[in-house]
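Order-wise, the sequence lines are chains Z and S.
Last residue of the first sequence: 269 in our numbering, with the numbers rising by one and none dropped.
Last residue of the second sequence: 269 in our numbering, with the numbers rising by one and none dropped.
Beneath this line is the structure, given in structure tokens, with notes to follow.
Number of protein chains: 2
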Amino acid sequence: MLKCAHFGTFESKSMKIATWNVNSFNVRHEQVMDWLHTHSPDVLVLQELKMEQDKFPAAALNMMGWQTAWSGQKTYNGVAIISRHAIENVQMGLPQMPDDPQRRVIAATINGVRVIDVYCVNGEALDSEKFVYKRQWFAALTHFVREQMAQYPELVLLGDFNIAPADDDVYDPVKWHEKIHCSSEERSWFKALLDLGLCDSLRQIHPTGAHYTWFDYRGGMFPKGLGLRIDHILVSAALKARLRDVQVDLKTRANERPSDHAPVFALFD
Amino acid sequence: MLKCAHFGTFESKSMKIATWNVNSFNVRHEQVMDWLHTHSPDVLVLQELKMEQDKFPAAALNMMGWQTAWSGQKTYNGVAIISRHAIENVQMGLPQMPDDPQRRVIAATINGVRVIDVYCVNGEALDSEKFVYKRQWFAALTHFVREQMAQYPELVLLGDFNIAPADDDVYDPVKWHEKIHCSSEERSWFKALLDLGLCDSLRQIHPTGAHYTWFDYRGGMFPKGLGLRIDHILVSAALKARLRDVQVDLKTRANERPSDHAPVFALFD
DNA sequence: GTGTGCGTTG
DNA sequence: CAACGCACAC
Numbered sequence: 001m002l003k004c005a006h007f008g009t010f011e012s013k014s015m016k017i018a019t020w021n022v023n024s025f026n027v028r029h030e031q032v033m034d035w036l037h038t039h040s041p042d043v044l045v046l047q048e049l050k051m052e053q054d055k056f057p058a059a060a061l062n063m064m065g066w067q068t069a070w071s072g073q074k075t076y077n078g079v080a081i082i083s084r085h086a087i088e089n090v091q092m093g094l095p096q097m098p099d100d101p102q103r104r105v106i107a108a109t110i111n112g113v114r115v116i117d118v119y120c121v122n123g124e125a126l127d128s129e130k131f132v133y134k135r136q137w138f139a140a141l142t143h144f145v146r147e148q149m150a151q152y153p154e155l156v157l158l159g160d161f162n163i164a165p166a167d168d169d170v171y172d173p174v175k176w177h178e179k180i181h182c183s184s185e186e187r188s189w190f191k192a193l194l195d196l197g198l199c200d201s202l203r204q205i206h207p208t209g210a211h212y213t214w215f216d217y218r219g220g221m222f223p224k225g226l227g228l229r230i231d232h233i234l235v236s237a238a239l240k241a242r243l244r245d246v247q248v249d250l251k252t253r254a255n256e257r258p259s260d261h262a263p264v265f266a267l268f269d
Numbered sequence: 001m002l003k004c005a006h007f008g009t010f011e012s013k014s015m016k017i018a019t020w021n022v023n024s025f026n027v028r029h030e031q032v033m034d035w036l037h038t039h040s041p042d043v044l045v046l047q048e049l050k051m052e053q054d055k056f057p058a059a060a061l062n063m064m065g066w067q068t069a070w071s072g073q074k075t076y077n078g079v080a081i082i083s084r085h086a087i088e089n090v091q092m093g094l095p096q097m098p099d100d101p102q103r104r105v106i107a108a109t110i111n112g113v114r115v116i117d118v119y120c121v122n123g124e125a126l127d128s129e130k131f132v133y134k135r136q137w138f139a140a141l142t143h144f145v146r147e148q149m150a151q152y153p154e155l156v157l158l159g160d161f162n163i164a165p166a167d168d169d170v171y172d173p174v175k176w177h178e179k180i181h182c183s184s185e186e187r188s189w190f191k192a193l194l195d196l197g198l199c200d201s202l203r204q205i206h207p208t209g210a211h212y213t214w215f216d217y218r219g220g221m222f223p224k225g226l227g228l229r230i231d232h233i234l235v236s237a238a239l240k241a242r243l244r245d246v247q248v249d250l251k252t253r254a255n256e257r258p259s260d261h262a263p264v265f266a267l268f269d
């Protein structure tokens with residue numbers, strides 16, 4: 001934002017918005033600081049903090065000029081928004097699941113953009129009890145996002161969706177056929193979100209090709225380039241009009257003690 | 001060793017011999033590699049590998065030009081000899097305790113010097129069952145060293161003795177009076193080793209003063225300089241004649257994720 | 001494979 | 001405070 005004496009306040013609005021499942025903010029704290037310094041985003045949202053609410057290093061981030069909002073718990077889940085700009089109207093959880101103790105959703109308005117950070121349920125396997133929860137949770141998410149879209153023309157829904165939307169997003173679609181993350185039912189949930197009027201920003205910019213965001217620690221999948229695209233940045237029509245680029249930051253996945261997810265970021269005019 | 005065309009093979013014999021309780025070689029592997037690179041000893045002996053026998057990274061060490069001999073086990077104990085020179089006549093355990101499963105002793109001949117690496121029993125407390133084992137173990141060690149001294153004029157007995165030989169070796173002798181590591185009975189066992197004809201090399205070079213080698217992780221003892229001298233390098237008369245210096249490497253104790261013990265090294269002509 | 005907590009040891 | 005094993009999650 002530039003303040004000009006003669007022309008009043010001029011909003012440049014240009015924004016860089018990023019998402020990263022850090023798989024423990026305790027462990028990845030320094031890497032997040034490095035990433036903020038190197039990539040200088042307007043907004044970075046995190047998932048899988050695995051950190052208690054009162055252990056979040058808000059003061060250290062504030063000292064570096066960052067605003068923060070977060071929802072943490074011990075061991076599991078946990079989401080955060082880190083922003084160079086003011087964070088307004090923070091909302092946590094899904095209205096349809098008021099008693100869910102799992103910290104998976106945080107939403108806030110930044111520069112007039114509604115940012116909804118999600119760590120979607122993994123689900124383990126199609127025949128798991130956790131898959132039932134995943135189904136219910138995505139229904140509640142869809143309901144929440146529909147309601148938010150009615151209020152905020154400029155909206156971005158981003159995070160770890162634990163769904164690979166198409167076979168292009170899977171290193172071995174035959175092996176993963178109707179497996180967790182790749183089943184047609186999960187893909188129908190993802191499509192239901194798009195049907196609200198959201199656009200899969202990565203596919204808008206890169207209609208084809210492998211742009212994996214997650215690589216299993218097991219079996220050295222990252223060096224082999226074998227992953228899934230399960231981290232997404234979905235944007236409303238108003239934001240889609242401003243979309244200029246989307247990238248998966250594989251360099252960070254190659255770090256010394258990496259998260260199993262790579263950051264993904266989008267650039268807007 | 002210098003090879004001279006006109007005068008034949010000339011043995012410089014100058015040696016640097018070091019000991020370090022690494023408190024898990026799994027965790028300290030990289031620090032050990034760094035230490036070898038920085039200090040370039042002739043021999044480094046380790047204690048508390050806490051590593052299974054077949055997990056020892058012998059190949060990696062060989063590639064860096066080091067010879068190795070080790071005796072490992074899961075979780076507890078474990079000793080190793082790392083040498084720039086050939087390692088001969090390797091012996092493990094104490095002859096008087098043939099059935100002891102605890103890996104605490106490894107001996108070998110290097111450059112004509114008998115090197116005996118020991119991780120002596122901790123003992124927990126004077127009224128503990130483990131103290132009975134410590135007593136028995138030191139008797140067996142003394143017997144073994146007597147036998148070895150008869151065979152090898154140049155001998156060094158080094159490692160973690162878990163005994164602070166005198167009040168000078170204790171940051172708070174009153175608090176530690178007749179406590180584990182500092183009791184008169186344990187000190188008598190240490191003296192029994194010296195009485196075989198061994199010399200406490202550190203006290204030979206530095207007759208007085210604090211030269212602590214172990215600092216409890218608990219209560220931030222290292223920054224306060226509060227420790228015990230329980231890691232020792234004892235030398236036979238023939239080696240004592242060649243002794244030039246002994247130092248405790250406190251810089252390594254100040255490492256990022258340190259062992260609770262500092263390395264100790266001795267220089268010989 | 002790399003995180004988490006817990007209970008145990010030094 | 002920092003190793004360990006164990007059980008569990010992803």
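Beta carbons are placed, not taken as given, at the ideal position from N, Cα and C, and that holds for glycine.
So, helix, strand or coil for residue 154 of chain S, using DSSP? coil
Below 6 Å CB to CB, which residues in the same chain sit around residue 249 of chain Z once its five sequence neighbours on both sides are set aside? 262, 263
Can you tell me whether residue 28 of chain Z is buried or exposed, with buried defined as 16 or more other CB within 10 angstroms of its CB? buried
Thinking C-alpha only, which one of Z:42, Z:47, Z:164 is nearest residue 26 of chain Z? Z:47
Would you kindly work out how many angstroms separate the C-alpha atoms of residue 122 of chain Z and residue 170 of chain Z, rounded to a whole number? 16 Å
Identified DSSP bridge partners for residue 114 of chain S: S:109, S:155
Taking Cβ positions, are residue 52 of chain S and residue 74 of chain S nearer each other than 8 Å? yes
Could you pull out every unbroken beta strand (DSSP E) segment of at least 3 residues lying fully inside the stretch 202 to 244 of chain Z, listed in chain order? 231 to 235
With distances taken from CA atoms, which of Z:259, Z:34, Z:110 is nearest residue 86 of chain Z? Z:110
Which residue's Cα is closest to the Cα of residue 302 of chain Z: Z:217, Z:17, Z:266? Summary: the structure shown does not reach residue 302 of chain Z, with chain Z confined to residues 1 through 269, and so no result is reported for it.
Using the Cβ count rule (16 or more neighbours within 10 Å means buried), how would you classify residue 132 of chain Z? exposed
For residue 114 of chain S and residue 180 of chain S, what's the separation of their Cα atoms in angstroms? 29 Å
Where residue 134 of chain S sits in the DSSP three-state scheme: helix
Chain-order list of residues whose beta-carbon lies under 7 Å from that of residue 140 of chain S (same chain, five-residue window excluded): 94, 96, 97
In this structure, how does DSSP classify residue 53 of chain S when only helix, strand and coil are distinguished? helix
Would you call the CB atoms of residue 144 of chain S and residue 232 of chain S closer than 8 Å? no
On the CB-based measure, 16 or more other CB atoms within 10 Å of its CB, does residue 152 of chain S come out buried or exposed? buried
Bridge-paired residues (DSSP) for residue 266 of chain Z: Z:17, Z:246
Reduced DSSP category for residue 9 of chain S - H, G, I as helix; E, B as strand; rest coil: With a pLDDT of 46 at residue 9 of chain S, under the threshold of 50, the modelled position of this residue cannot be trusted; read the value that follows with caution. If DSSP states are grouped into helix, strand and coil, residue 9 of chain S belongs with the strands.
Can you name the start and end residues of the alpha helix (DSSP H) that residue 80 of chain S belongs to? Here residue 80 of chain S belongs to no alpha helix (DSSP H); instead the beta strand (DSSP E) covers 79 to 83.
Give the straight-line distance between the Cα atoms of residue 238 of chain S and residue 146 of chain S, rounded to the nearest whole angstrom. 15 Å
How would you call residue 269 of chain Z, buried or exposed, if buried means at least 16 neighbouring beta carbons within 10 angstroms? exposed
Taking the C-alpha atoms as reference points, what is the distance between residue 155 of chain Z and residue 92 of chain Z? 16 Å
Inter-residue Cα distance where the pair is residue 120 of chain S and residue 226 of chain S: 22 Å
Where the beta strand (DSSP E) through residue 69 of chain S begins and ends: 67 to 71
First and last residue of the uninterrupted beta strand (DSSP E) at residue 88 of chain S: 88 to 92
Here's a check: name, in chain order, each residue in its chain whose Cβ is nearer than 8 Å to the Cβ of residue 68 of chain Z, leaving out the five neighbours to either side. 56, 58, 61, 62, 80, 81, 82, 83, 87
Range of the contiguous beta strand (DSSP E) that encloses residue 43 of chain Z: 43 to 47
Inter-residue spacing [alpha-carbon to alpha-carbon] between residue 21 of chain S and residue 210 of chain S: 19 Å
Is it right to say residue 175 of chain Z is buried, meaning 16 or more other beta carbons lie within 10 angstroms of its own, or is it exposed? exposed
Nearest-angstrom beta carbon gap, residue 214 of chain Z and residue 228 of chain Z [assumed within contact, 8 Å]: 5 Å
Under 6 Å Cβ to Cβ from residue 107 of chain S, same chain only, skipping five residues before and after it: list those, please. 91, 116
Is it buried or exposed, residue 203 of chain S, if we count other Cβ atoms within 10 angstroms and call 16 or more buried? buried
Out of curiosity, what's the CA-to-CA distance linking residue 103 of chain S and residue 257 of chain S? 25 Å
Here's the rule I'm using: 16 or more other beta-carbon atoms within 10 Å means buried, otherwise exposed. How should residue 255 of chain Z be labelled? exposed
For residue 244 of chain S, the nearest candidate out of S:201, S:188, S:19 (CA to CA): S:201
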